[in-house]
Amino acid sequence: MRDYSAYRRFHGTGMRILDLRLFETDGALEEILRFSTFGVTEPVNDRMFRLLSAFIADGGRYCLPEPLQPSRWMMMPASGTAAPQHLPGQPCQFALQAIVEPAKKRVSSFEALIRSPTGGSPVEMFAAIAAEDRYRFDLESKAYAFALAGQLPLGKHQLAINLLPGSLYHHPDAVGWLIDSLLAAGLRPDQVLIEVTETEVITCFDQFRKVLKALRVAGMKLAIDDFGAGYSGLSLLTRFQPDKIKVDAELVRDIHISGTKQAIVASVVRCCEDLGITVVAEGVETLEEWCWLQSVGIRLFQGFLFSRPCLNGIGEICWPVARQAMDL
1 MRDYSAYRRF HGTGMRILDL RLFETDGALE EILRFSTFGV TEPVNDRMFR LLSAFIADGG
61 RYCLPEPLQP SRWMMMPASG TAAPQHLPGQ PCQFALQAIV EPAKKRVSSF EALIRSPTGG
121 SPVEMFAAIA AEDRYRFDLE SKAYAFALAG QLPLGKHQLA INLLPGSLYH HPDAVGWLID
181 SLLAAGLRPD QVLIEVTETE VITCFDQFRK VLKALRVAGM KLAIDDFGAG YSGLSLLTRF
241 QPDKIKVDAE LVRDIHISGT KQAIVASVVR CCEDLGITVV AEGVETLEEW CWLQSVGIRL
301 FQGFLFSRPC LNGIGEICWP VARQAMDL
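Read in order, the letters of the sequence shown correspond to residues 1 to 328 in the UniProt record's numbering.
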């Protein structure tokens with residue numbers, strides 16, 4: 001507890017070690033109450049007490065199993081990259097980043113991340129676009145992502161593209177435009193995953209819902225990007241259920257040492273399992289983060305640990321390998 005809760009409830013007790021293996025659940029709680037300010041009455045509505053009760057009842061819930069201890073793993077690069085010729089004279093470029101299933105050493109899809117004409121960040125790219133042209137540019141720029149994908153050996157892998165929700169319902173025929181553009185690049189609708197960001201307020205949800213239905217009828221898949229960082233959160237899942245959600249990188253960062261993040265992400269995973277939604281963890285940068293996320297049932301990952309965005313191409317992909325296998 002990062003406030004004065006511990007002092008208010010235990011005064012000057014100091015540090016005590018309680019071996020939970022020696023107690024049944026009720027016995028451990030009684031022992032804690034004995035040297036607390038609660039007395040013998042269980043304060044069932046007190047947050048400190050509820051946290052302690054939850055930890056004692058299921059303290060090992062988020063403990064890593066032995067096979068997923070980070071010390072047992074190391075990252076090994078796979079060979080080969082693929083890049084097309086330089087694409088000059090474009091208003092934007094794209095960098096591809098792999099979304100992977102490490103347990104099977106399989107690439108699930110590639111996300112096309114927009115870059116400026118000089119390879120700069122998305123912030124730099126959109127800073128140069130007038131506000132009234134933002135949605136139009138956001139949609140029409142994807143023709144260049146499709147063209148890039150058409151030149152690369154994607155095989156059966158999906159291509160994920162990011163779109164603002166408003167880009168879909170402010171355009172008179174966004175779905176038709178997307179289909180024409182991807183077909184012109186030699187792609188199929190079922191190869192394309194549309195990621196809509198949760199960080200923009202959806203002001204015309206009825207129109208948005210109609211566009212989503214048309215996208216699915218056409219064969220494209222849907223995902224919510226940056227889940228947990230935006231305006232809607234779980235309430236958005238009550239209004240439409242995507243094929244995938246991508247847990248925001250801020251929730252993923254240092255999750256192995258944050259009990260709060262662990263509880264939130266584990267709950268999201270369980271919710272999505274019930275709804276038939278695939279969870280992707282994005283922004284994974286360390287073995288510790290990957291091991292914890294894998295342990296709660298997440299199978300798809302994106303982040304620097306596995307692959308960095310590659311401008312106009314497919315970059316090197318790294319896979320986790322058990323250290324004992326390397327010693328053989």
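Cβ atoms here follow ideal geometry from the backbone N, Cα and C, with glycine treated the same way.
**Q.** Selection from R21, V321, E198 that minimises the alpha carbon distance to I245
**A.** E198
Q: Look at the Cβ atom of A95, then the Cβ atom of C318, and state whether they are nearer than 7 Å.
A: Cβ distance not < 7 Å, so A95 and C318 don't count as in contact.
Q: Identify the continuous beta strand (DSSP E) that holds E200 and give its terminal residues.
A: Looking at the DSSP string, E200 is not in any beta strand (DSSP E), and its letter there is neither H nor E.
Q. Which first and last residues belong to the alpha helix (DSSP H) in which Q302 is found?
A. No alpha helix (DSSP H) holds Q302; the beta strand (DSSP E) holding it covers 300-302.
Q: Mind listing, in chain order, the continuous beta strand (DSSP E) runs of no fewer than 3 residues lying wholly within the segment 249-309?
A: 278-282, 300-302
Q) With distances taken from CA atoms, which of K156, K221, E101, F23 is nearest residue 390? A) In the structure displayed, the chain extends from 1 to 328; residue 390 sits before or after that span and is not available.
Q) How long is the line joining the alpha carbons of D226 and L22, rounded to whole angstroms? A) 43 Å
Q) From V123 to Q241, what does the alpha carbon distance come to, in whole angstroms? A) 29 Å
(Q) Just to confirm, is the Cβ distance from residue 402 to V100 under 7 Å? (A) Residue 402 lies beyond the range of the chain shown here (1 to 328); nothing can be said about it.
Q: Give the DSSP-derived three-state secondary structure of D26 in the structure shown.
A: helix
Q) If you draw a straight line from the C-alpha of H157 to the C-alpha of M15, how long is it? A) 54 Å
Q. Which of helix, strand or coil does DSSP assign to R106?
A. strand
(Q) Just to confirm my understanding: we take R216, look at its own chain, exclude 5 residues before and 5 after, and list those with CB closer than 8 Å. What are they? (A) L222
Q) DSSP beta-bridge partners for V321? A) M74
**Q.** Alpha-carbon spacing of L20 relative to I264, whole angstroms
**A.** 25 Å
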